[in-house]
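For reference, the structure discussed in these notes is given below.
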Amino acid sequence: MLRFIFLSLFVALFSACSVKTTTKIDTVIVPEDIITQSSKEKLAIIIPEKVLRSYTKIIVNSALAYNLRQESNLHVEVFLIGTEDERTIIQKLRQIESLGYRFAIAAFTLKGLNALEKADTNMYFYIPTIHKNFTNTSNDKIYFGSIDYKNQLSTLLKISNSSNIASFYDNSALSTSLNSSLLEQVPNARTYKIEDKKINFKNILFSKGSLNGANIFLNTPIVESAIISSQLRVHKTNANKLLATQIGYNPTLLSLTQINDRANLYIANSISNDDEALSYLNELLEQSIDYNWVAYASSVGIDFFYTNFMNTSAKSLFDEKIEDNQVVYDVKIMRALGLGFSEN
């Protein structure tokens, strides 16, 4: 019954909201129809959609869900700027600031950040897609919200309690980065690159000696991780532990693997959402704030701006702190021994 009431309320609010495009400044607008007519703060969302296309919908939906959850007066406008060309970013920021925006969620890579630092602006920015450890910035108006993969790797290495480390990875950017970060901490780790979907796993598994007793990092996307875990069983390779960072914290893994294949699987997770209403609103927008770290990190950033600058009487929905302009996430070790995830 409660969910029916909640859904009815959501439909009533959301039905008043249509997405429009304004070609003059290349924007998609979440209009003021869903906002009360009292004074309001404004939040810009800046996305180079040709660079980070998959994040566009996630970040926009995170803002909409947060707005509805807080019943806020927050006016959100989404600026799709195309690329991270330096001239484009500087020009768009000038336009955005002229419209009265002081705060922005900016989905940039390091290239976009470099352009942002050259812009003459008094705005505050939160970048959910970058961790400050990868930057040299000293700009106190730029905040960072990406999870700390290096810290997750370190935490997993502590529970492995062994120097017998192996890593599987592929050509994707995140997978390659995770493998490189692991090698920084364990230079003698054995690495296995998955380059072809038709790969001969038997040859790979035994190409660098036995993996029996090894602690194997699955630095691969979910489907590949599921295949690797099953192939280890098929070829009677008994790893000590299978280890994965946030890349492995996805319920899809549960449906792609057998329980025995993940009996020794340990996953690092930095998502700590306890707000059921916010989770449900995100679900209605066809995404999960409990498993999608971009949605979670974006929500943390919006919450930071809203409760610390825009409406200081509002209660924060999250427990994360910001230190030296970086969100600090806890790392929990999760198991997948049954039909869901549970903390170790």
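Read in the working numbering, the sequence shown has 181 at position 192, and its numbers run on one by one without any break. Just so you know, even glycine gets a beta-carbon here, dropped at the ideal spot from N, CA and C.
Point to revise | Beta-bridge partners of ARG179, as assigned by DSSP | key: Within the sequence shown, numbered from 1, the residue matching residue 179 stands at position 190. BP columns for ARG179 point to ALA155.
**Study point:** Local Cβ density within 10 Å of THR209, reported as buried at 16 or more and exposed below that
**Key:** As a working note, residue 209 is residue 220 in the sequence shown. Flag for THR209 reads buried.
**Study point:** Reduced DSSP category for TYR255 - H, G, I as helix; E, B as strand; rest coil
**Key:** Reading the sequence shown from its first residue, position 266 is the one you call residue 255. Three-state DSSP puts TYR255 in a strand.
Exercise for review: State the start and end residues of the unbroken alpha helix (DSSP H) segment that holds GLN315.
Suggested key: Counting from one through the sequence shown, the residue named residue 315 turns up at place 326. Counting along the chain, no alpha helix (DSSP H) covers GLN315; the unbroken beta strand (DSSP E) around it starts and ends at 315 to 317.
Review point. Could you check where the alpha helix (DSSP H) with ARG76 kicks off and where it finishes?
Key: By one-based count along the sequence shown, residue 76 stands at place 87. 75 to 87 is the extent of the alpha helix (DSSP H) around ARG76.
**Study point:** Three CB pairs or more closer than 8 Å across the region 279 to 299 and the region 42 to 56
**Key:** Short answer: they touch.
Check your understanding: Does DSSP classify TYR132 as helix, strand or coil?
Key -> By 1-based counting over the sequence shown, the position of residue 132 is 143. DSSP places TYR132 in strand when its eight states are reduced to three.
Check your understanding: Hey, PRO37 and GLY89: beta-carbon distance below 9 Å or not?
Key -> In the sequence shown, the residue the question calls residue 37 occupies position 48. In the sequence shown, the residue the question calls residue 89 occupies position 100. No, the Cβ-Cβ distance between PRO37 and GLY89 is not below 9 Å.
Point to revise | Cut-off 7 Å between Cβ atoms - residues of its own chain near TYR79, not counting five sequence neighbours on either side | key: Taking the sequence shown and counting its residues from 1, the one referred to as residue 79 is at position 90. Reading off the sequence, residue 79 comes out as Ile, not Tyr. For ILE79, the CB contacts under 7 Å within the same chain, skipping 5 residues up- and downstream, are ALA104, LYS107 and ALA108 in chain order.
Review point. Would PHE298 be called buried (16 or more neighbouring beta carbons within 10 Å of its own) or exposed?
Key: Position 309 of the sequence shown, counting from 1, holds the residue named residue 298. Counting the other Cβ atoms within 10 Å of the Cβ of PHE298 gives fewer than 16, which makes it exposed.
Point to revise | Of the listed residues SER151, GLN174, SER214 and ASN227, nearest to LYS182 (C-alpha basis) | key: Locating residue 182 in the sequence shown gives position 193, counting from the first residue. Ranking the options by Cα distance to LYS182, first place goes to SER214.
Exercise for review: Output the boundary residues of the alpha helix (DSSP H) element that contains TYR285.
Suggested key: Here the question's residue 285 lines up with position 296 in the sequence shown. Start and end: 282 to 294.
Check your understanding: Going by the beta-carbon positions, is the gap between TYR255 and ASN333 smaller than 9 Å?
Key -> The sequence position of residue 255 within the sequence shown is 266, counting from 1. The sequence position of residue 333 within the sequence shown is 344, counting from 1. Taking 9 Å as the Cβ cut-off, TYR255 and ASN333 qualify as a contacting pair.
Check your understanding: Within the chosen definition, does the region 131 to 147 reach the region 323 to 332 through at least 3 CB pairs nearer than 8 Å?
Key -> Cβ pair count under 8 Å is below three, so no.
Point to revise | Which listed residue (ALA233, ALA228, THR301 and GLY237) has its alpha carbon closest to that of ASN249 | key: For the purposes of this step, residue 249 is identified with residue 260 of the sequence shown, where counting begins at 1. Comparing C-alpha distances from ASN249 to each of ALA233, ALA228, THR301 and GLY237 shows the shortest one belongs to ALA228.
Check your understanding: Taking the C-alpha atoms as reference points, what is the distance between PHE294 and GLU312?
Key -> Here residue 294 corresponds to residue number 305 of the sequence shown, with the count starting at 1. Here residue 312 corresponds to residue number 323 of the sequence shown, with the count starting at 1. For PHE294 and GLU312, the distance between alpha carbons rounds to 15 Å.
Point to revise | GLU338, buried or exposed, once every other Cβ within 10 Å from all chains shown has been counted against 16 | key: Outside the modelled stretch of the chain, which goes from -10 to 333, sits residue 338, for which no answer is possible.
Review point. How many angstroms separate the CA atom of THR16 from the CA atom of LYS39?
Key: Your numbering for residue 16 matches position 27 in the sequence shown. Your numbering for residue 39 matches position 50 in the sequence shown. Bear in mind that the predicted position of THR16 carries a pLDDT of just 47, short of 50, making it too unreliable to give a figure here.
Practice item. With DSSP collapsed to three states, give me the class of ASN140. Key: Position 151 of the sequence shown, counted from the first residue, corresponds to residue 140. Reduced to three states, the DSSP call for ASN140 is helix.
Review point. In terms of alpha-carbon separation, which member of THR301, THR296 and TYR318 lies closest to TYR285?
Key: The residue labelled residue 285 in the question sits at position 296 within the sequence shown. Among THR301, THR296 and TYR318, the Cα nearest to that of TYR285 belongs to TYR318.
Point to revise | Beta-carbon proximity check, LEU172 vs LEU232, cutoff 9 Å | key: The sequence position of residue 172 within the sequence shown is 183, counting from 1. The sequence position of residue 232 within the sequence shown is 243, counting from 1. Contact: no.
Point to revise | Among GLN276, SER259 and LYS230, nearest to ASN150 - alpha-carbon criterion | key: If you number the sequence shown from 1, residue 150 lands on position 161. Ranking the options by Cα distance to ASN150, first place goes to LYS230.
Review point. Can you tell me whether DSSP reads LYS186 as helix, strand or coil?
Key: Numbered from 1 along the sequence shown, position 197 holds the residue referred to as residue 186. It is coil, neither helix nor strand.
Practice item. Kindly list the residues whose CB is nearer than 6 Å to the CB of ILE55, restricted to its own chain and excluding five residues on each side of it in sequence; keep chain order. Key: Within the sequence shown, numbered from 1, the residue matching residue 55 stands at position 66. Reading off the sequence shown, one finds Tyr at residue 55, where the question assumed Ile. Hits under 6 Å: SER288 and ILE291.
Check your understanding: Does the distance from the CB of TYR138 to the CB of GLN235 come in under 9 Å?
Key -> Position 149 of the sequence shown holds residue 138. Position 246 of the sequence shown holds residue 235. Yes. Within cutoff.
Practice item. Compute the beta-carbon to beta-carbon distance between ASN239 and GLY202, rounded to the nearest angstrom, for a pair I have assumed lies under 8 Å. Key: Counting from one through the sequence shown, the residue named residue 239 turns up at place 250. Counting from one through the sequence shown, the residue named residue 202 turns up at place 213. Not really, about 27 Å apart at Cβ, beyond 8 Å.
Exercise for review: Work out the CA separation of ALA252 and LYS225 for me, nearest whole Å.
Suggested key: Here the question's residue 225 lines up with position 236 in the sequence shown. Here the question's residue 252 lines up with position 263 in the sequence shown. Rounded to the nearest whole angstrom, the C-alpha separation of LYS225 and ALA252 is 14 Å.
Exercise for review: Return the residue from the list ASN314, ASP264, LEU69 and SER219 that minimises the CA-CA distance to TYR44.
Suggested key: If you number the sequence shown from 1, residue 44 lands on position 55. Sorting ASN314, ASP264, LEU69 and SER219 by C-alpha distance to the C-alpha of TYR44 places LEU69 at the top.
Check your understanding: When the Cα of LEU242 is compared with those of VAL212, LEU63 and ALA266, which residue comes out closest?
Key -> As a working note, residue 242 is residue 253 in the sequence shown. If you compare the alpha carbons of VAL212, LEU63 and ALA266 with that of LEU242, the shortest gap goes to VAL212.
**Study point:** Unbroken alpha helix (DSSP H) run spanning GLU334, endpoints
**Key:** Given that the chain is displayed from residue -10 to residue 333, the structure contains no residue 334 and the question cannot be resolved.
Exercise for review: Would you mind sorting LYS304 into buried or exposed? The rule is 16 or more other CB atoms within 10 Å of its CB.
Suggested key: For the purposes of this step, residue 304 is identified with residue 315 of the sequence shown, where counting begins at 1. Answer is exposed; the Cβ neighbour count stays below 16.
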